[in-house]
Amino acid sequence: MDFLVIDDDKTFRDATCFLIEEAGHYAEGVDSGQLGLTWLKDDKFDAVLLDLNLGSENGLEVLTEIQNRRPQTPVVMFTAQGNIKVAVEAMRRGAVDFLEKPFQREQFTTVLSRLQRLKQMSQRIERLEQQVAKPRADF
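Just add 161 to wherever you are in the sequence shown, counting from 1, and you've got this note's numbering.
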């Protein structure tokens, strides 16, 4: 899978990309929501990992914009200032998961596996929809 990591903390962003690549995936990191939205236009990424606090940008607003532009792209939110209210709001806006920094490697690996399964299910659904939409040659 190809992941886009959006976090203004370079150290955390680089470490997250490293963990993703260590798990056998591809990762690119950017330091702002606006840059992340620009990179998403290429339709290159399977999922986004998005920080809640991006300096002057609000990660929830960036999440909403991602959902408006690319609703099929799963987004995992993370933050160092997590609370239940914020996590619920992120999920309400379309995030598929919410991680509190610093997260444990095992916890992160579980999220990556869940995203992989979500992608596989989406691909299966797409194939089935194509099969159903094909005119049957048997008639």
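Where a beta carbon is used, it is the ideal one built from N, C-alpha and C, also for glycine.
Assumed close pair leucine 198, arginine 174 - CB separation to whole angstroms, cut-off 8 Å | As a working note, residue 198 is residue 37 in the sequence shown. As a working note, residue 174 is residue 13 in the sequence shown. Actually they do not touch by this definition, with Cβ atoms about 16 Å apart.
Check asparagine 229 in the structure and name its three-state DSSP category.
-> Residue 229 sits at position 68 when you count from the first residue of the sequence shown. Note: asparagine 229 maps to helix in three-state DSSP.
Given 8 Å as the limit, is there contact between the region 171 to 190 and the region 216 to 224, that is, 3 or more CB pairs closer than that?
-> no
Where glycine 185 and cysteine 178 are concerned, what is the direct C-alpha to C-alpha distance, given to the nearest angstrom?
-> The sequence position of residue 185 within the sequence shown is 24, counting from 1. The sequence position of residue 178 within the sequence shown is 17, counting from 1. Going from the Cα of glycine 185 to the Cα of cysteine 178 covers about 11 Å.
Within the same chain, show all residues whose beta-carbon is closer than 6 Å to that of isoleucine 181, passing over the 5 residues directly before and after it, in chain order.
-> One-based indexing of the sequence shown puts residue 181 at position 20. The answer, listed in chain order, is Phe164, Ala188.
Got a sec? Which residues, its chain only, sit under 6 Å from alanine 251 by beta carbon, not counting five neighbours each side?
-> Position 90 of the sequence shown holds residue 251. So the qualifying residues of the chain are Met238, Phe259.
Ranges of the beta strand (DSSP E) found wholly within the region 189 to 216, counting only runs of at least 3 = 208 to 212
For leucine 109, does the count of other Cβ atoms within 10 angstroms reach 16, so buried, or fall short, so exposed?
-> Nothing can be reported for residue 109, as the shown portion of the chain is limited to 162 through 300.
With threonine 234 as the anchor, note down where its beta strand (DSSP E) starts and where it stops.
-> By 1-based counting over the sequence shown, the position of residue 234 is 73. Counting along the chain, threonine 234 falls outside any beta strand (DSSP E), and DSSP gives it neither H nor E.
Residues near glutamate 222 by beta carbon distance below 8 Å, same chain, minus five either side | Start at 1 with the first residue of the sequence shown, and residue 222 comes out as number 61. Within the same chain, glutamate 222 has close Cβ partners Gly194.
C-alpha distance - threonine 172 paired with tryptophan 200, whole-angstrom precision | Position 11 of the sequence shown, counted from the first residue, corresponds to residue 172. Position 39 of the sequence shown, counted from the first residue, corresponds to residue 200. If I take the Cα positions, the gap works out to 20 Å.
Compare the beta carbon distance of valine 209 and valine 236 with 9 Å and say whether it is the shorter of the two.
-> As a working mapping, residue 209 is identified with position 48 in the sequence shown. As a working mapping, residue 236 is identified with position 75 in the sequence shown. Yes, the Cβ-Cβ distance between valine 209 and valine 236 is below 9 Å.
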